[in-house]
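Numbering follows numbering that gives the first Met the number 0, in which position 236 of the sequence shown is assigned residue number 235; successive positions increment by one, without gaps.
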Amino acid sequence: MPKSRHKKRSDKRPVKRSGRNEGPADYRTARPRNEAPTRQCKYLDRVATLANAFTPDECSQIINTALNEWDEKESMIQRDEGGKIEQNFVEDLDYRNTTLYIPPAPDEWLFQKIIQEIMTFNNSENGYGFDIHGLAEPPNCMRYRAPDLDPNGKPGKYDWHLDCGPGAVPSMRKISYSILLNPGEYEGGELAFRIGRSEEPHPGQTSPEAIGSFLAFPSYLMHSVRPITKGIRYAVVGWVHGNSFV
């Protein structure tokens, strides 16, 4: 029988190999057609100052309301046992020494003012652009006292820490804020940030002109409140929440 002139078709197709110096495929070619372009933010390691969002009278009102109407609580930290963070809390005045005042019920005026200021900044051209849903925790008024005014004789402070972390609610913290209620009435107590090799306080926060200003920053930034050396420092501290960083 004569041999067929047609060659047997192979089921295997030749593999096209990339050149040695050819880079990986462009990730954008695999993006669904309807997906929006990737958004980039160049401010993810920066602290924002929202100047004079509250008037001096409003700051005094917040302090008086906190001292007379809010629930008082001494500061605690989560126990660390051999690198494992436990859910029970303990006192460690050498790490954190402050008094908290927590509103027993939502303060609509204060809550709305906070969320309005943070959302306006977050959605601005120079904002973080985070996915924000609202406030899942009430703000706290913090009181830091100098050693001569502290019942334990220790300076008010809060050592290096992050605000977001394990737990249903802390994992949703996206933007942290500190509202300066009485700058110029104390010494020390600056809010400092660890960014790269820098551990410097944010500039301008102790000036009397900074009263009522927000310091806003991503909740994943390492920060601390330096020991206060004179007077009493008051600040409203809290977080704005959304889906966890993924």
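Ideal Cβ placement from N, Cα and C applies to all residues, glycine included. Values in this document were obtained by computation on a predicted structure and should not be read as measured data.
Straight-line gap, Q204 to R38 (C-alpha atoms, nearest Å): Roughly 31 Å between the two C-alpha positions.
Going by C-alpha distance, which of R232, Y233, Y219, L214 is nearest I117? Minimum Cα distance to I117 is reached at L214.
Pull up the distance between the alpha-carbon of A191 and that of R225, whole angstroms please. If you take the alpha carbons of A191 and R225, they lie about 7 Å apart.
May I ask you to report which of helix, strand or coil DSSP gives N96? Secondary structure of N96 (DSSP, three-state): strand.
Using the rule of at least 16 other Cβ atoms within 10 Å of the residue's Cβ for burial, across every protein chain shown, is R142 buried or exposed? It counts as buried.
Just curious, the alpha helix (DSSP H) that I62 is in, first and last residue? Where I62 is concerned, the enclosing alpha helix (DSSP H) starts and stops at 55-68.
Cβ-based neighbour list, Y94, same chain, cut-off 7 Å, excluding 5 preceding and 5 following: If you ignore the 5 residues before and after Y94, its C-beta comes within less than 7 Å of the C-beta of I76, D158, all in its own chain and listed in chain order.
Per DSSP, P182 forms a beta bridge with which residues? Partner(s): none; P182 has no beta bridge.
Given that a residue counts as buried once 16 or more other Cβ atoms are within 10 Å of its Cβ, and exposed if not, what is P97? The amino acid at residue 97 is misidentified as Pro; the sequence shows Thr. With a 10 Å radius around the Cβ and a threshold of 16 neighbouring Cβ atoms, T97 comes out buried.
For the beta strand (DSSP E) that M118 lies in, which residues bound it at each end? Per DSSP, M118 is not a residue of any beta strand (DSSP E); the alpha helix (DSSP H) it occupies stretches across 107-121.
Would you give the residue range spanned by the beta strand (DSSP E) that P146 belongs to? First-last for P146: undefined, no H or E at that position.
Sequence-distant residues of the same chain with beta carbon closer than 6 Å to C140, five excluded per side: Only residues of its own chain outside the window of five on either side were considered, and among them A65, Y100, V235 have a CB closer than 6 Å to the CB of C140, listed in chain order.
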